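Asker: The sequence shown begins at 1 in full-length UniProt numbering and counts up by one.
Glycine residues also receive a C-beta, built at the ideal position from the N, C-alpha and C atoms.
This one's a predicted model, so the numbers in the text were calculated from it and none came from an experiment.
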Amino acid sequence: MSNIISEELKKELGEGDDIVIDPEAGPKEQQEQKLNKHQLRKQRNQERKIKSASNSSEKAKIKKEKIRLLQEKRARVGEVIANFKQNAVSKQTKEIMATSSSIGVKKTENQLYKEALHLRELNLPYDKEIIEKIEKKKKEKADRIAAMPAFVPIQKSEEEIPNREEPVTTEKIQQKQAAVFKPLIPPSRPELEKRDMPSKITIRDGKQETVHLDRPQDVIEVRKKLPIIGQETEILESIRENDIIIIQGDTGSGKTTQVPQFLYEAGYGTFRAKGKIVVTEPRRVAAINMSKRVAYEMGFRHGAEVGFQIRDQHLLTDATTIKFVTDGVLLKELESDLFLSSYSVVIIDEAHERTVNTDVLIGLLSKIVKTRRERSEKDSSIEPLKLIIMSATLRSEDFTKNEKLFEVPPKEIKVPGRMYPVTDQYPKDTPAPENVNKCIKNLVDHLHETLPDGSILVFVPGKSDINELVGYFRSLPTVDPSKSNKDKPKDEQKVTKGTSSKPETEKPKEQKQETEENVDEDDENEIFIDDSGKRHRKLKPIENFEDMMYGNLPPVTSRKPMLVLPLYSLLDPYEQEKVFKDPPKDKRVIIFSTNVAETSLTIPGVRYVVDSGLEKVRVYDFSKQNVNAKVQYISKASAKQRKGRAGRTSPGYCFRLYSQAYKHNAFEKYSPPEILKRPITEVVLLLKSMGLNDISKFPFPTQINEENIKQSELILQHLGAIETETPRKITQLGRIMVGYPLDPRLSKILIMAKANGLLDYAAVIVGVLSVREPFESNSNEKSDNALDVDADNSDILYAMKMFCAWQYEQPEERQKFCLDNNLRPKAMEEIQNIRFQLKKLLVKNKIDICITSLEPTDSKQANKLRQAILCGYPDHVAHQVKGNEYVLLDGTKSFLPGNSQLIESPPKYVVYIDNVSSDGRNRLQNPSQIAPQWLMLVGSPLFLVKTNQQTPYYDPLSDRVVCKTEGEYKNSEIDASMAAQVGKWNIPATPCEVQENKYMYFAQGFLKGDVFEEIKQLHKGMSMTMINNYTAPNNNKIPQKHLAIASVLKSKDISTKAQLIKELKQNPTFLLNQFMYWLEEEEYKPQAVNLWKKFTK
């Protein structure tokens, strides 16, 4: 049918009357073509009859109009065909060109261009003019093709062909022509903008390739306003020319959402480079929300071409090209794919947060990028890797001046932010931290009543502050202002002094020029001109700001409706989602958030920010080896980030609850990297598994201090993951621990629980310890419907049992169960997701775990699980002093927390997860009771001192060779005064498994009848004196026939009854010949043969 349509176009253009039947078509298609041929001929005959019946003037008019239309169409088709012929050079033509050039005929421009490129690659003289000429033509051609769609012939069905009996009019002919030529007419500029045709055409191997995105219309308008759009060409060219670049984009520049799109449109992940684009985010909330936004902007379904993966959740398909992940996920991928061969571009976003994972990733990637480049030059099938480091407030000298990290300083690109002017307001004095919440209550209440429309974002230190403030504002009475204002006299309908009573859209009065003394150091943009050309100046400061803050104004009596929302990382995802929805028109949104809203997240409608200047952090004290949970002031960089949350859509305010002088003198310029704040045990173990034993040689962006490395290696020695002697190489146990996507301590718990057959329960324990705060911390009171659960002398096992009970509930009943038992629903879901993740990991190693409901543990299982916890924290042991007061191994005093399950009956020894210092008091987090004998079995080899060992023997109850040992558990690194405070932790005689000479002692137990009691029936015919008289393996009195049995046992690695029975089933006469030498009387030998037969049954 395509040939018929093409010929029909030719006839209408006057290019001939012959109708060609496609010779390659089948009989059926040819018959259809003949039928269409007769229909078209009849159509032309009907047209002639109509024309002859019309008067001469009408004929002339119709003919003139038809000729004009056909000439316009012919011109357009001619242009399209010309462009098509230029682009479509056949293989035969290329061969003719090559042949002609080889026999001395003048070469074409294309051949000269290719030769010039080849000479340039070889660093030989080449023709620059021909390269510039051809590239100019290609650019012009690309621009021309970008302005029109591709030429696609229309396939017409038989229904579209006029009926044989239907008259053909001039109007129908024109409609037919318009339908035929519609795809050939370039659309108008507004139509192109609506379709959002790509702004770039990537040229590869002489062919034009374009990644087309069908973006929503609102996204097209928003993208035009982003500053980074104007630097798209510069960014892409820098990426092509450099393997590593740094993009510093101010808040609102659009770097997080647009750079992945630039790369996708330029062909990364598709035709330019097959590897995917991966973007790392420091927070899970940011990874999920950024992937949603980018997918929406690109016109894709979330989880298809654009997806995400965090620790216990993912939304990906085989078609995913852009993947947002947390930095820990990508770091874990490095363990299985060191060169990240599935990626072509890695984007490290929000690098200024300097998390441990981010710093380690950048250090590893600095070497991987170089190696990938070298390998790609040798093997064309290997693609080079591009690294893009993005941030808003990055201390760039850590990267550009760090020769250990980057031999050649990366190229920096700075992108200005698109910020409306934001007015900073500071009080004269800084209130004490304990009074900040009171100031927030006073200030926000008055701001809500006096400021024009716009959401208020309030930054506070922690979750407890958020709960207090959200509860307070939700309890305040509100009224409809449209109703309450009707009954008031006009003189009472006023606003607070210092605020504008004009509508939001009215242009505020210009301020007087500020002097150098009162200009804020952060206020760079005095005037902002938006896309419509309208000028926006900074809003005037509110004169009575401090009166609002300190409660010196009359209280608000008529309060407008408001929607109060919390935001923090532990918040339920459903509640988090409310923050990102468009604010309602009839209510002001007031959001109380931790520093999670500082970066990456864009909350719609925010015009006003209240900055407490405080944040809650957990800082590890390397000298005391405990965690300090404290509230401290933020850095200047964080203060700038908080200000950037306002001014996204219009001029706004940022109200600081600290003085400008205090900020200038007390605030650090940047927050210290996380790698300097806590031990990095998982990083050290990972690097040692890669063969790097000297951690100080690793190219961290900020050089890590020796104290941190020493403390991290010390923890790994306690766990047995690395050797105690220098260079402290990784052990076999350490290599097993690296395989788990967990902290080494949690990995050790899993390994030990698996050895005891309790892996299913240990997976829940790992989930409990991985999530923060499984219980709601705002209330310690239980409801009347709370479940009564035996805690098994452990806060961790109590949480494990509560999770198992939650899992037993029907899904629709779980929310109520959480409310009754003070559980966090999000924490329960996270624990379940971690179990799923562990199951997937273990299945690869042919190990299965149960992820369904678990039966309650008995006392024996509870003891084994508490021993497993001790295996993971052998250096976190405390001894009771009195009541709930304990002393740690370093002499520090600490206490059981008030909500602990052990508070009613404190045990003598406990193992704890962390010693947290808060409000000047230490508290043991998640304590569990332990027996002192366990310290001898699974305690740290650095603290255990064995003082007395008895003779080893075979123990039938435990089926192993043991030795009763006494000892002490002490920290030899502390001074004498602290040691006296700790006191002696004596360990009573404990049966400990013996490895040395265990085959000799097992042979002795076998001969004595401890393994098989039936052997005692033959003791009358044996010399028992010879068996019982020796006390050590090196005793010369050991008979050779005893050594013979031990030697055979050693050859088969048998030291337990279970192992011996297994061997006897395979070899029924095993040890029988060696045993016969012990029978001094022949009459007992037949009896021995019969006994051996019983052993195998």
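Using a Cβ-Cβ cut-off of 8 Å (strictly less than) and excluding sequence neighbours within five positions of residue 754, which residues of its own chain qualify?
Answerer: If we look at residue 754 and ignore the five residues flanking it on each side, its Cβ neighbours are 762, 847.
Asker: Is residue 660 near the ligand PLP, with its Cβ less than 7 Å from a heavy atom?
Answerer: The ligand content of the structure shown is nil, which means the ligand PLP is not present either.
Asker: Please report the distance separating the alpha-carbon of residue 400 from that of residue 406.
Answerer: Each residue's alpha carbon lies about 7 Å from the other.
Asker: Find out if the Cβ-Cβ distance for the pair residue 417, residue 252 is shorter than 8 Å.
Answerer: Taking 8 Å as the Cβ cut-off, residue 417 and residue 252 qualify as a contacting pair.
Asker: For the segment 999 to 1084, which segments carrying the alpha helix (DSSP H) assignment without a break, of at least 4 residues, lie completely within its bounds, in sequence order?
Answerer: Counting only runs of 4 or more, we get 1024 to 1028, 1040 to 1051, 1057 to 1066, 1072 to 1076.
Asker: Distance check for residue 466 and residue 607, CA to CA, integer angstroms please.
Answerer: If you take the alpha carbons of residue 607 and residue 466, they lie about 20 Å apart.
Asker: Return helix, strand or coil for residue 871, following the three-state DSSP convention.
Answerer: Residue 871 falls in the helix class under three-state DSSP.
Asker: So, helix, strand or coil for residue 908, using DSSP?
Answerer: Note: residue 908 maps to coil in three-state DSSP.
Asker: Assuming residue 228 and residue 258 form a contact by the criterion Cβ under 8 Å, report the distance between their Cβ atoms to the nearest whole angstrom.
Answerer: Contact holds; Cβ gap of about 5 Å.
Asker: Rounded to the nearest angstrom, what separates residue 993 and residue 744 at their Cα positions?
Answerer: About 25 Å.
Asker: Kindly give me the distance between the Cβ atoms of residue 371 and residue 339, rounded to whole angstroms, as I take these residues to be in contact under 8 Å.
Answerer: The pair is a contact, with the Cβ atoms about 7 Å apart (cut-off 8 Å).
Asker: Taking contact to mean 3 or more Cβ pairs, one atom from each stretch, closer than 8 Å, check whether the segment 996 to 1016 and the segment 1045 to 1058 are in contact.
Answerer: Verdict: yes, contact present.
Asker: I'd like the list of long-range same chain contacts for residue 165, defined as Cβ closer than 6 Å, with 5 residues on each side in sequence excluded.
Answerer: Model confidence at residue 165 stands at a pLDDT of 41, short of 50, so the residue's coordinates are unreliable; what they give is reported in the following sentence. There are no such residues.
Asker: Rounded to the nearest angstrom, what separates residue 1012 and residue 950 at their Cα positions?
Answerer: Residue 1012 and residue 950: Cα-Cα distance of roughly 24 Å.
Asker: Evaluate residue 410 with the Cβ neighbour count: other Cβ atoms within 10 Å of its Cβ, from every protein chain shown; 16 or more gives buried, anything less gives exposed.
Answerer: Buried, by the Cβ-count rule.
Asker: What number of angstroms, rounded off, separates the C-alpha of residue 1078 from the C-alpha of residue 694?
Answerer: Rounded to the nearest angstrom, the two C-alpha atoms are 57 Å apart.
Asker: Examine the Cβ distances between the segment 357 to 364 and the segment 715 to 722 and report whether three or more of them are shorter than 8 Å.
Answerer: They do not touch, by the three-pair rule.
Asker: For residue 808, which residues of its own chain have a beta-carbon under 6 Å away from its beta-carbon, when the five flanking residues on both sides are left out?
Answerer: Hits under 6 Å: 853.
Asker: Answer with buried or exposed for residue 336, where buried requires no fewer than 16 other C-beta atoms within 10 angstroms of its C-beta.
Answerer: Exposed, because fewer than 16 other Cβ atoms sit within 10 Å of the Cβ of residue 336.
Asker: Excluding the 5 residues flanking residue 918 on each side, which residues of the same chain have their C-beta closer than 8 Å to its C-beta?
Answerer: These residues qualify, in order along the chain: 628, 629, 630.
Asker: Does residue 351 pass the burial test, meaning 16 or more other C-beta atoms within 10 Å, or should it be called exposed?
Answerer: Per the 10 Å Cβ criterion, buried.
Asker: Would you mind sorting residue 1064 into buried or exposed? The rule is 16 or more other CB atoms within 10 Å of its CB.
Answerer: Per the 10 Å Cβ criterion, buried.
Asker: In three-state terms, what does DSSP make of residue 833?
Answerer: Note: residue 833 maps to helix in three-state DSSP.
Asker: Decide if residue 390 is buried, meaning its Cβ has at least 16 other Cβ atoms within 10 Å, or exposed.
Answerer: Residue 390 should be labelled buried.
Asker: Cα separation between residue 398 and residue 684?
Answerer: Cα to Cα, residue 398 sits roughly 21 Å from residue 684.
Asker: Measure the alpha-carbon distance for residue 561 versus residue 394 and round it to whole angstroms.
Answerer: Each residue's alpha carbon lies about 40 Å from the other.
Asker: Taking the beta carbon of residue 604 as the centre, do at least 16 other beta carbons fall within 10 Å, making it buried, or is it exposed?
Answerer: So residue 604 ends up on the exposed side.
Asker: Given 8 Å as the limit, is there contact between the segment 725 to 734 and the segment 885 to 902, that is, 3 or more CB pairs closer than that?
Answerer: No, the segment 725 to 734 does not touch the segment 885 to 902.
Asker: At the level of alpha carbons, what is the spacing between residue 899 and residue 924?
Answerer: Going from the Cα of residue 899 to the Cα of residue 924 covers about 11 Å.
Asker: Does the distance from the C-beta atom of residue 427 to that of residue 549 stay below 8 Å?
Answerer: Result yes, Cβ atoms of residue 427 and residue 549 sit closer than 8 Å.
Asker: If we ignore side chains and look at the alpha-carbon of each, how far apart do residue 543 and residue 425 end up?
Answerer: Approximately 10 Å, taken between the alpha carbons.
Asker: When you compare only the Cα positions, how much space is there between residue 908 and residue 855?
Answerer: One C-alpha to the other measures close to 29 Å.
Asker: Given that a residue counts as buried once 16 or more other Cβ atoms are within 10 Å of its Cβ, and exposed if not, what is residue 862?
Answerer: Buried is the call here.
Asker: Out of 308, 723, 661, state which residue places its alpha-carbon closest to the alpha-carbon of residue 689.
Answerer: Checked all of 308, 723, 661; the closest Cα to residue 689 is 723.
Asker: How far does the beta strand (DSSP E) with residue 608 in it extend, from its first residue to its last?
Answerer: Its beta strand (DSSP E) spans residues 606 to 611.
Asker: Look at the alpha carbon of residue 112 and the alpha carbon of residue 383, and state the distance between them as a whole number of angstroms.
Answerer: Answer to the nearest angstrom: the Cα atoms are 29 Å apart.
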